[in-house]
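Numbering (the numbering used here), first residue to last: -16 to 302.
Just so you know, even glycine gets a beta-carbon here, dropped at the ideal spot from N, CA and C.
The structure displayed is predicted, hence computed values, not measured ones.
Worksheet: the structure to be examined is printed underneath.
So this is what it looks like as structure tokens:
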């Protein structure tokens, strides 16, 4: 790649990129690092693209340093591809210097670079939990830069479920409480992916609060989140929280929660769950709305709880 004109050098980079991981020889890597210092921005871009295609096998300290340097290039396309290339190297690229450079790109860049840097963090965590990245995102949430905070939230929404630490869960709850519609929806999805690790009174309460919203996407995310965290041993805890939340509420909110229960018990209709549903006497619902009572009965019958409901209904027919 040292000889020939710009066209030939660029063509050589592109040819190597088409080979992928097999091109990760010391000689090729050295040539690509050298190409990233070329005066022609198209060659610098092609070198970054080739390194992206090679991926983790190109993740030497020298390559990572060259890509970090490229993130300060005068051309936006070079900076953007450098971010993408670092992300393609996975956890091997999650060094303090790279993390700082990507956060700086989120802070100072435009939409394309911000998206590339955010996705780079996500890719670094793709094949495993990267503690340094998660810790950096949590720290960024406490910073003054609103763009960095937004980028950090985006990363945590996508990969924070791999950690499911109290601090990560707390950041999700904060997003539900103070974030915009997108933040709340993404936080519900992330909490749902954490499964039973996220079964806490605060999490259940936050998702139930989202169920009061009129936005269909948020309602779906909250409903699915409740269903996901209820799986395995956590079902009774979540159902108990939902039943308690229905007491004294208006019928429309109760109907939303009955739908959650329906989705939940379809996947987890164990004897304990059925007993809990049939033993729960919705006194407040009787006084609040005959319509809710009808819906309650309909859903139990739909779920093939006819015999159990008939026994329950007979024992409470005097109410």
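Of the residues assessed, residue 104 falls on the buried side of the cut-off, its CB having 16 or more other CB atoms within 10 angstroms.
Each residue's CA atom was taken as its position, placing residue 115 and residue 174 some 20 angstroms apart. Between the stretch 165 to 180 and the stretch 118 to 129, the count of C-beta pairs closer than 8 angstroms stays below three; the two stretches do not touch.
Distance from the CA of residue 190 to the CA of residue 146, rounded to the nearest whole angstrom, comes to 20 angstroms. Taken in chain order, the whole alpha helix (DSSP H) runs of length 4 or more contained in the stretch 10 to 72 are 24 to 37, 44 to 53, 59 to 71. Assigned with DSSP and collapsed to three states, residue 90 falls in helix. With a threshold of 16 other beta carbon atoms within 10 Å, residue 211 meets it and is buried.
The beta carbon of residue 150 is closer than 6 angstroms to those of 121 in its chain, skipping five residues each way along the sequence. Straight-line spacing of the CA atoms in residue 26 and residue 15 works out to 10 angstroms.
In this structure, residue 107 sits near residue 73, with a CB-CB distance shorter than 8 angstroms. In the three-state scheme derived from DSSP, where H, G and I count as helix and E and B as strand, residue 168 is classed as helix.
Its Cα nearest to that of residue 178, the residue 209 stands out among 236, 165, 209.
Cβ atoms of residue 198 and residue 164 come within 8 angstroms of each other, at about 6 angstroms. DSSP places residue 154 in the uninterrupted alpha helix (DSSP H) bounded by 149 to 161. Annotated three-state conformation of residue 232 is coil, per DSSP. Residues of the same chain with their beta carbon placed closer than 7 angstroms to that of residue 9 are lacking, with the five preceding and five following residues left out of the count. Taking all protein chains shown into account, residue 153 has fewer than 16 neighbouring C-beta atoms within 10 Å of its C-beta and is therefore exposed. If you ignore the 5 residues before and after residue 224, its C-beta comes within less than 6 angstroms of the C-beta of 187, all in its own chain and listed in chain order. The beta carbon of residue 56 sits closer than 6 angstroms to the beta carbons of 62 from its chain, once the five residues preceding and following it are set aside; these are given in chain order.
Counting the other Cβ atoms within 10 Å of the Cβ of residue 94 gives fewer than 16, which makes it exposed. By the Cβ-count criterion, residue 203 is exposed, with fewer than 16 other Cβ atoms from all chains shown falling within 10 Å of its own Cβ. CA-to-CA, the gap between residue 83 and residue 119 works out to about 9 angstroms. Its Cα nearest to that of residue 117, the residue 139 stands out among 131, 139, 96.
Nearest in C-alpha terms to residue 184, of all of 29, 220, 236, 109, is 220. Straight-line spacing of the CA atoms in residue 102 and residue 239 works out to 35 angstroms. DSSP, reduced to helix, strand and coil, places residue 145 within a helical segment of the structure shown. Excluding residues up to 5 positions away in sequence, 105, 108 lie with their Cβ nearer than 6 angstroms to the Cβ of residue 142 in the same chain. The C-alpha of residue 222 lies about 8 angstroms from the C-alpha of residue 213. The C-beta of residue 80 has fewer than 16 other C-beta atoms within 10 Å across all chains shown, which makes the residue exposed.
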